[in-house]
Amino acid sequence: MEKQNSSYRWIVFTVVLFTYFLIVSQRTAPGLITDQLMKDFNVTASTIGLLTSIQFLAYAGLQIPIGILSDRFGPNFFLIIGTLLNGIGTIIYSVASSEVLLIAARSLVGIGDATIWINLVLILSQWFKAGEFLKLLGLAGMTGSLGFLMATVPFSTWIGLFGWRALFFTVGLILCLTSLLLFFVLVKIPKKKLLLEPHRNNSAKKIEPKREKIFSILHRIFSSRQAWATFLCHFGLVGTYVGFIGSWAVPYGMHVYVMTRSGASQLVMVGLFGALIGASLTSWLSAKFESIKRPYIVVHMLVFLSWSTFLLLGGKPPFFMLLVLFFFIGYGNGASALTFAVVRQSFDVKEVGVVSGFANMGGFLSAVLLPSAFGRVLDHFQLSASNTGYSFGFIIPILFSIIGIIGGMMIKEHYQEVKQHRELTS
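Residue numbers (the working numbering): 239 to 664.
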């Protein structure tokens with residue numbers, strides 16, 4: 239039986255999305271304990287920025303290699319190993335006794351995390367038909383937002399009751415067990431059920447196609463305007479959001495608005511509700527207007543104006559407006575799923591993994607740069623009023639969001655496969 243016609247594909251979909259949910263929660267969960275880490279380990283804001291950035295640096299740096307390897311050898315192995323590494327890194331983080339161990343643990347988490355999204359996209363493209371793919375990609379984006387949502391009030395409450403070490407140890411253990419579940423769901427059971435790749439005749443002689451040289455693939459991608467458009471779009475939307483909520487959003491609420499940790503985490507939760515809506519609504523609007531570029535540029539402009547408002551109002555907008563701004567910034571992160579719709583429609587299926595990795599690298603490159611740069615600004619203004627450092631720090635995501643706008647304007651609205659485009663939007 240072909241994979242794309244099997245009811246088993248929904249089990250694969252559920253387990254893979256559960257894995258993604260857990261892993262995404264660990265991208266920003268450390269942001270809940272930023273002030274606590276500074277106190278317990280006696281480190282500066284710059285060091286905390288480095289701690290956040292190191293995870294995203296590992297993630298960003300491995301996107302293209304993982305994309306190439308996954309395209310060539312399949313996504314299952316890398317998703318299983320990545321989940322295991324993420325779990326081990328999270329457990330080490332929970333028992334760390336020094337900042338060196340914290341950095342090593344987050345590096346391991348970043349390496350594991352680097353394998354997740356690319357292989358999720360590839361697994362969905364293998365198990366589901368083109369007409370289902372875009373809709374399920376939107377659901378995957380919503381699942382990621384739920385993972386971020388888990389790392390707000392629920393985790394904050396857990397930390398308040400049992401401490402941060404218990405939280406990270408438990409989630410790390412669950413991730414290790416999930417990697418074992420993935421092995422059975424993706425490898426063992428399909429092999430027993432004889433689930434085949436779509437359009438493959440079991441009796442036909444297997445012919446290995448001649449593999450293109452890696453240098454040729456990279457040259458073609460790096461010289462592609464469309465690939466750079468996806469890179470810049472993700473740089474402007476994803477990194478500014480993930481980088482900020484993963485490091486400084488909770489301290490911002492606590493220092494500037496004198497909120498509790500739980501109260502400040504609710505700011506992040508508002509952004510995550512925006513992300514949940516952005517993932518589905520923007521995909522629907524894109525299909526309705528038969529365009530990715532127009533709604534995507536509107537989203538980029540909305541995010542740019544939101545970050546600019548923080549700066550214009552001295553880093554401390556009225557509380558109601560603060561909630562609205564977090565919502566719109568989160569909406570932009572959810573809408574970033576359109577980046578991979580562009581990739582799927584614009585490139586050959588053999589290149590989807592590596593181009594997805596290149597686009598993802600853009601998002602997490604800005605997530606590397608933002609926390610550290612923001613931390614340096616805060617250190618510079620540490621003797622000033624509580625909102626002064628944050629006010630100047632918001633210049634950074636403003637600049638990054640301008641880069642995202644440029645990426646949106648670079649998108650070409652014609653694709654290699656017009657028929658595939660119609661199937662995806664139907």
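No residue lacks a Cβ here, since even glycine has one placed at the ideal position from N, Cα and C.
- request: Compute the Euclidean distance between the alpha carbons of phenylalanine 473 and glycine 350, then round it to the nearest angstrom.
  value: In the sequence shown, the residue the question calls residue 473 occupies position 235. In the sequence shown, the residue the question calls residue 350 occupies position 112. Rounded to whole angstroms, phenylalanine 473 to glycine 350 spans 21 Å at the Cα level.
- request: Please report how far the alpha carbon of methionine 599 lies from the alpha carbon of proline 555, in whole angstroms.
  value: Along the sequence shown, read from residue 1 onward, the residue named residue 599 stands at position 361. Along the sequence shown, read from residue 1 onward, the residue named residue 555 stands at position 317. Cα-Cα distance, rounded: 32 Å.
- prompt: Could you give the residue range of the alpha helix (DSSP H) that holds threonine 282?
  reply: In the sequence shown, the residue the question calls residue 282 occupies position 44. For threonine 282, no alpha helix (DSSP H) encloses it, and the DSSP letter there is neither H nor E.
- prompt: Is glutamate 370 helix, strand or coil when you go by DSSP?
  reply: Taking the sequence shown and counting its residues from 1, the one referred to as residue 370 is at position 132. In this structure, glutamate 370 counts as helix in the three-state DSSP scheme.
query: How many whole angstroms separate the CB atoms of glycine 591 and serine 308, which I take to be in contact at a CB cut-off of 8 Å?
result: Locating residue 591 in the sequence shown gives position 353, counting from the first residue. Locating residue 308 in the sequence shown gives position 70, counting from the first residue. About 5 Å; that satisfies the 8 Å criterion.
message: Helix, strand or coil, according to DSSP, for glutamate 337 in the structure here?
response: Residue 337 sits at position 99 when you count from the first residue of the sequence shown. It is helical.
message: Quick check: the Cα distance between leucine 377 and phenylalanine 612, rounded to an integer number of angstroms?
response: Walking along the sequence shown from the start, residue 377 turns up at place 139. Walking along the sequence shown from the start, residue 612 turns up at place 374. Approximately 32 Å between the Cα atoms of the pair.
query: What's the gap between the Cα of glycine 382 and the Cα of asparagine 625?
result: Sequence index remark: in the sequence shown, residue 382 carries index 144 (1-based). Sequence index remark: in the sequence shown, residue 625 carries index 387 (1-based). Glycine 382 and asparagine 625: Cα-Cα distance of roughly 30 Å.
message: Please list the terminal residues of the continuous alpha helix (DSSP H) segment that includes glutamine 620.
response: Taking the sequence shown and counting its residues from 1, the one referred to as residue 620 is at position 382. Here glutamine 620 belongs to no alpha helix (DSSP H), and DSSP marks it neither H nor E.
field: Nearest-angstrom Cβ-Cβ length linking leucine 375 and alanine 573, presumed shorter than 8 Å
entry: Residue 375 sits at position 137 when you count from the first residue of the sequence shown. Residue 573 sits at position 335 when you count from the first residue of the sequence shown. That pair is no contact at about 12 Å.
- prompt: Looking only at C-alpha atoms, which of Phe256, Asp273, Arg265 and Thr257 sits nearest to alanine 502?
  reply: Within the sequence shown, numbered from 1, the residue matching residue 502 stands at position 264. Of the candidates Phe256, Asp273, Arg265 and Thr257, the one whose C-alpha sits nearest the C-alpha of alanine 502 is Asp273.
query: If you compare alpha carbons, which of Leu523, Phe482 and Thr547 is closest to leucine 608?
result: For this step, residue 608 is matched to residue 370 along the sequence shown. The shortest C-alpha separation from leucine 608 is found at Phe482.
Neighbourhood of glycine 646 by C-beta, 6 Å cutoff - its chain only, sequence neighbours within 5 removed: As a position in the sequence shown, residue 646 is number 408, starting the count at 1. Contacts found: Cys471, Tyr534, Ile535 and His538.
task: Specify the secondary structure class of serine 441 as computed by DSSP and reduced to three states.
output: On the sequence shown, residue 441 is found 203 positions in, with the first residue counted as 1. Annotation note: pLDDT 46 at serine 441 (below 50); position unreliable, coordinate value reported separately. Here serine 441 sits in coil by DSSP.
- request: If I'm right that serine 263 touches glycine 385 with Cβ under 8 Å, what's the distance once you round it to whole angstroms?
  value: As a position in the sequence shown, residue 263 is number 25, starting the count at 1. As a position in the sequence shown, residue 385 is number 147, starting the count at 1. That pair is a contact at about 4 Å.
- prompt: Secondary structure at glutamate 651, three-state DSSP: helix, strand or coil?
  reply: For the purposes of this step, residue 651 is taken as residue 413 along the sequence shown, with counting starting at 1. DSSP, read as helix, strand or coil, puts glutamate 651 in coil.
query: Taking the alpha carbon of methionine 388 as the point to measure from, which residue in Gly305, Tyr258 and Leu424 has its own alpha carbon closest?
result: Counting from 1 along the sequence shown, the entry for residue 388 is found at position 150. Looking from the CA of methionine 388, the closest CA among Gly305, Tyr258 and Leu424 belongs to Tyr258.
query: How should lysine 367 be labelled, buried or exposed, when 16 other C-beta atoms within 10 angstroms of its C-beta is the threshold for buried?
result: For the purposes of this step, residue 367 is identified with residue 129 of the sequence shown, where counting begins at 1. Residue environment analysis places lysine 367 among the exposed positions, since fewer than 16 neighbouring C-beta atoms fall within 10 angstroms of its C-beta.
- request: Give every residue of the same chain whose Cβ lies closer than 7 Å to the Cβ of leucine 563, excluding the five residues on either side of it in the sequence, and list them in chain order.
  value: Locating residue 563 in the sequence shown gives position 325, where the first residue counts as 1. So the list reads Ser544, Thr547, Phe548 and Pro555, once near-sequence residues are dropped.
task: Determine, using beta-carbon pairs with one atom in the stretch 314 to 330 and one in the stretch 624 to 643, whether at least three such pairs fall under 8 Å.
output: Taking 8 Å as the limit for Cβ pairs, the verdict is that the stretch 624 to 643 does not touch the stretch 314 to 330.
query: Taking the alpha carbon of isoleucine 643 as the point to measure from, which residue in Ser584, Arg582 and Leu475 has its own alpha carbon closest?
result: To locate residue 643, count along the sequence shown from 1; it is residue 405. Its Cα nearest to that of isoleucine 643, the residue Leu475 stands out among Ser584, Arg582 and Leu475.
- prompt: With 16 other CB atoms within 10 Å as the buried threshold, where does glycine 287 fall?
  reply: On the sequence shown, position 49 is the one that residue 287 refers to. When all chains shown are included, glycine 287 counts as buried.
Buried or exposed by the 16-neighbour rule on C-beta atoms within 10 Å, applied to tryptophan 248: Reading the sequence shown from its first residue, position 10 is the one you call residue 248. With fewer than 16 neighbouring CB atoms inside 10 Å of its own CB, tryptophan 248 falls in the exposed class.
query: What is the C-beta distance between serine 345 and glutamine 293, in whole angstroms, given that I count them as a contact (C-beta under 8 Å)?
result: Residue mapping note: residue 345 aligns to position 107 of the sequence shown, counting from 1. Residue mapping note: residue 293 aligns to position 55 of the sequence shown, counting from 1. Indeed, because the Cβ distance is near 7 Å, the residues count as touching under 8 Å.
- prompt: In terms of residues, what are the limits of the alpha helix (DSSP H) holding leucine 358?
  reply: Taking the sequence shown and counting its residues from 1, the one referred to as residue 358 is at position 120. From DSSP, the alpha helix (DSSP H) with leucine 358 extends over 354 to 365.
query: By how many angstroms is the C-alpha of phenylalanine 602 removed from the C-alpha of isoleucine 640?
result: What you label residue 640 is simply residue 402 of the sequence shown in a count that begins at 1. What you label residue 602 is simply residue 364 of the sequence shown in a count that begins at 1. Roughly 16 Å separates the two Cα atoms.
field: Separation of valine 347 from serine 441, as counted between CA atoms
entry: By one-based count along the sequence shown, residue 441 stands at place 203. By one-based count along the sequence shown, residue 347 stands at place 109. Note that serine 441 has pLDDT 46, beneath the 50 cutoff, so the model's placement of it is unreliable and no number is given.
task: Would you check if the distance between the CB atom of glutamate 589 and the CB atom of isoleucine 452 is smaller than 8 Å?
output: Position 351 of the sequence shown holds residue 589. Position 214 of the sequence shown holds residue 452. It is not a contact, given that the beta carbons lie outside the stated cut-off.
message: I want to see whether chain B comes within less than 8 Å of tyrosine 297, judged by CB atoms only; does it?
response: Note that chain B does not occur in the displayed structure, where there is just one protein chain.
- prompt: Out of curiosity, what's the CA-to-CA distance linking methionine 559 and leucine 424?
  reply: Within the sequence shown, residue 559 is the residue found at index 321, counting from 1. Within the sequence shown, residue 424 is the residue found at index 186, counting from 1. Here the alpha carbons of leucine 424 and methionine 559 stand approximately 46 Å from one another.
- prompt: Leaving out the 5 sequence neighbours to the left and right, which residues in its chain are closer than 6 Å to leucine 561 when beta-carbon positions are compared?
  reply: In the sequence shown, counting from the first residue as 1, residue 561 sits at position 323. So the qualifying residues of the chain are Val508.
field: Cut-off 7 Å between Cβ atoms - residues of its own chain near lysine 487, not counting five sequence neighbours on either side
entry: By 1-based counting over the sequence shown, the position of residue 487 is 249. With the sequence shown as reference, residue 487 is identified as alanine, and lysine is not the correct amino acid for it. Cβ neighbours of alanine 487 beyond the five flanking positions: Gly269, Leu505 and Val506.
- prompt: Nearest-angstrom Cα distance between phenylalanine 279 and lysine 431?
  reply: Translated into positions along the sequence shown, residue 279 becomes position 41. Translated into positions along the sequence shown, residue 431 becomes position 193. Here the C-alpha atom of phenylalanine 279 lies approximately 52 Å from the C-alpha atom of lysine 431.
- request: Mind listing, in chain order, the continuous alpha helix (DSSP H) runs of no fewer than 4 residues lying wholly within the stretch 470 to 494?
  value: Secondary structure within the stretch 470 to 494: the alpha helix (DSSP H) runs of 4 or more consecutive residues, fully enclosed, are 487 to 494 (chain order).
- prompt: From methionine 648 to alanine 334, what does the alpha carbon distance come to, in whole angstroms?
  reply: For this step, residue 648 is matched to residue 410 along the sequence shown. For this step, residue 334 is matched to residue 96 along the sequence shown. It is roughly 45 Å from the alpha-carbon of methionine 648 to the alpha-carbon of alanine 334.
Cβ neighbours of phenylalanine 406 in the same chain (closer than 6 Å, five flanking residues each side left out): Here residue 406 refers to the residue found at position 168 of the sequence shown. In chain order, Thr328, Tyr331 and Ser332 place their CB closer than 6 Å to the CB of phenylalanine 406, counting only its own chain and leaving out the 5 sequence neighbours on each side.
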